[in-house]
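K.L.:
In my numbering, the protein residues as written are 429 to 567.
Where a beta carbon is used, it is the ideal one built from N, C-alpha and C, also for glycine.
Before we start, here is the structure in question, set down as structure tokens.
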Amino acid sequence: PQLVFTGCALEIAKEKNIFGFSNHFLETVMLKFATSGWLVQAYTDDVLSGGMMVLIHDRVASYFYTCSSRLGRSTHIPTGMALHAMEYSQREGADIFDFCSVYDERYPKDHPRWKGFTEFKSRFAPISVYYPPTFSRWF
């Protein structure tokens, strides 16, 4: 399953012309979280149409990485995977489901494509947590 997921992730990164993690990185994360994380996978006619990696630490489930094909997106597979991951996380003892990154209106030029993904995440009535900006000092 890991190889199918990493292949799907790379394929989707190319399709959308976005940065994707390397196979080596994804496989290493899966290995390190083998006992405290899982893959949610969705198939259409025996072809992977979506996958999601969920990592667990200290009763917090983190939506770490996801991919979906055009068919998967057109049939709302990412939404179904997110719902399944949240329900499964709760059954496994997680108190929090962290959707991770969202579009940050404080930085309107950064990641404008995340607006749609942020809207998707907002449908789950989350509590948003904003962290202070990173402080950088150049010498």
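Hey, Ala513 and Tyr493: beta-carbon distance below 8 Å or not?
P.N.:
Position 85 of the sequence shown holds residue 513. Position 65 of the sequence shown holds residue 493. No. Outside cutoff.
K.L.:
Buried or exposed: where does Pro540 fall if 16 or more other Cβ atoms within 10 Å of its Cβ makes it buried?
P.N.:
To locate residue 540, count along the sequence shown from 1; it is residue 112. Exposed is the call here.
K.L.:
Terminal residues of the continuous alpha helix (DSSP H) containing Thr601?
P.N.:
The first residue shown for the chain is 429 and the last is 567, placing residue 601 beyond what the model contains.
K.L.:
Kindly give me the distance between the Cβ atoms of Ala441 and Gly448, rounded to whole angstroms, as I take these residues to be in contact under 8 Å.
P.N.:
Here residue 441 refers to the residue found at position 13 when the sequence shown is read from its first residue. Here residue 448 refers to the residue found at position 20 when the sequence shown is read from its first residue. About 3 Å; that satisfies the 8 Å criterion.
K.L.:
Please identify the residue among Ser529, Ser497, Ala437 whose C-alpha is closest to the C-alpha of Thr472.
P.N.:
Residue mapping note: residue 472 aligns to position 44 of the sequence shown, counting from 1. Of the candidates Ser529, Ser497, Ala437, the one whose C-alpha sits nearest the C-alpha of Thr472 is Ser497.
K.L.:
Have a look at Phe461 and Asn451 and give me their C-alpha separation to the nearest angstrom.
P.N.:
Locating residue 461 in the sequence shown gives position 33, where the first residue counts as 1. Locating residue 451 in the sequence shown gives position 23, where the first residue counts as 1. Phe461 and Asn451: Cα-Cα distance of roughly 15 Å.
K.L.:
Measuring only the C-alpha atoms, how far is Ser517 from Ala437?
P.N.:
As a first step, residue 517 must be located in the sequence shown, where it is residue number 89. As a first step, residue 437 must be located in the sequence shown, where it is residue number 9. Approximately 22 Å between the Cα atoms of the pair.
K.L.:
DSSP three-state label for Ser490, please.
P.N.:
For the purposes of this step, residue 490 is taken as the residue at position 62 of the sequence shown. Note: Ser490 maps to strand in three-state DSSP.
K.L.:
For the pair the region 501-509 and the region 525-533, tell me if three or more CB-CB distances fall below 8 Å.
P.N.:
Flag = no, the region 501-509 and the region 525-533 do not touch.
K.L.:
What first and last residue would you give for the beta strand (DSSP E) that runs through His539?
P.N.:
Locating residue 539 in the sequence shown gives position 111, where the first residue counts as 1. Careful: His539 lies outside any beta strand (DSSP E) and carries neither H nor E.
K.L.:
Considering just the uninterrupted stretch of the beta strand (DSSP E) at Ala639, what are its terminal residues?
P.N.:
Any property of residue 639 remains undetermined from this structure, which presents the chain solely from 429 to 567.
K.L.:
Going by DSSP, name the residue or residues bridged to Ile524.
P.N.:
In the sequence shown, counting from the first residue as 1, residue 524 sits at position 96. DSSP, once it has assigned bridges, lists Val488 as partnering Ile524.
K.L.:
Quick check on this structure: which residue in Asp538, Phe563, Ala489 has the alpha carbon closest to the alpha carbon of Trp466?
P.N.:
In the sequence shown, counting from the first residue as 1, residue 466 sits at position 38. Considering only alpha carbons, the answer is Ala489.
K.L.:
What does the alpha-carbon distance come out to for the pair Phe453 and Phe567?
P.N.:
Residue numbering aside, residue 453 sits at position 25 when the sequence shown is read from its first letter. Residue numbering aside, residue 567 sits at position 139 when the sequence shown is read from its first letter. Rounded to whole angstroms, Phe453 to Phe567 spans 32 Å at the Cα level.
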